[in-house]
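Here the structure comes first, spelled out in structure tokens, and everything after it is commentary.
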Amino acid sequence: MKRGYLFLVSVLFTLVAAFCFASCGEEAKAVETEIQPVVIKVEDEVTSQTTLLDVMEEMQKSGEISFAVADGMVVEINGVKNDADYDPCWMLYTSDTENSSTAWGSYEYGGETLGSANYGAGELPIKSGCVYVWVYQSF
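The working numbering numbers the first residue of the sequence shown as 178 and each following residue consecutively.
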């Protein structure tokens with residue numbers, strides 16, 4: 178039941194983000210601050226059941242990252258919290274073309290165009306060799 182709720186919240190957040198991209202008529206922009214994107218590269222073999230949140234939890238245990246989740250959404254990374262109105266907020270992009278869409282937004286990283294993730298971190302299945310980038314953005 179909890180996974181179903183998290184999936185629903187993730188889908189709703191994705192739809193809201195897609196609406197924001199479509200309605201503002203501009204690409205989302207990185208916030209004009211010193212906040213660097215958080216890049217997660219998955220090199221190890223993973224199962225089809227492993228989610229990005231699973232990887233982030235392991236990274237948090239080893240001290241590589243800190244984050245907080247509320248109502249199924251990542252709301253803080255490395256001490257930087259989402260704005261109360263979610264503008265700016267942490268947005269997730271990935272090189273996994275099966276689980277992302279550039280129609281909902283894109284981000285350039287390492288010479289590659291990453292698409293906006295189709296799912297939240299708790300539902301996004303990860304793949305070895307893919308890149309996942311959290312970007313603190315304003316719309």
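Note that beta-carbon positions come from the ideal geometry of N, C-alpha and C, so glycine has one too.
CA-CA distance, residue i and residue j?
i	j	result
Leu269	Asp260	16 Å
Asp262	Gly240	29 Å
Ala245	Ser272	23 Å
Gln314	Val223	29 Å
Gln237	Ala280	31 Å
Leu291	Ala247	25 Å
Val252	Gly287	25 Å
Ser293	Ser277	5 Å
Taking the alpha helix (DSSP H) that residue i falls in, what are its first and last residues?
i	result
Val251	Where Val251 is concerned, there is no enclosing alpha helix (DSSP H), although the beta strand (DSSP E) it sits in stretches over Met250 to Ile254.
DSSP beta-bridge partners for residue i?
i	result
Leu230	Paired residues: none, contrary to the question.
Cys266	Gln314
Tyr296	Note: Tyr296 sits in no beta bridge, so no partner.
Lys258	Glu253
Ile217	Tyr309
Going by DSSP in three states, residue i sits in which element: helix, strand or coil?
i	result
Thr224	coil
Glu211	coil
Glu289	strand
- Task: Decide if the region 220–230 is in contact with the region 291–303; the criterion is three or more beta carbon pairs, one per stretch, under 8 Å apart.
- Result: yes
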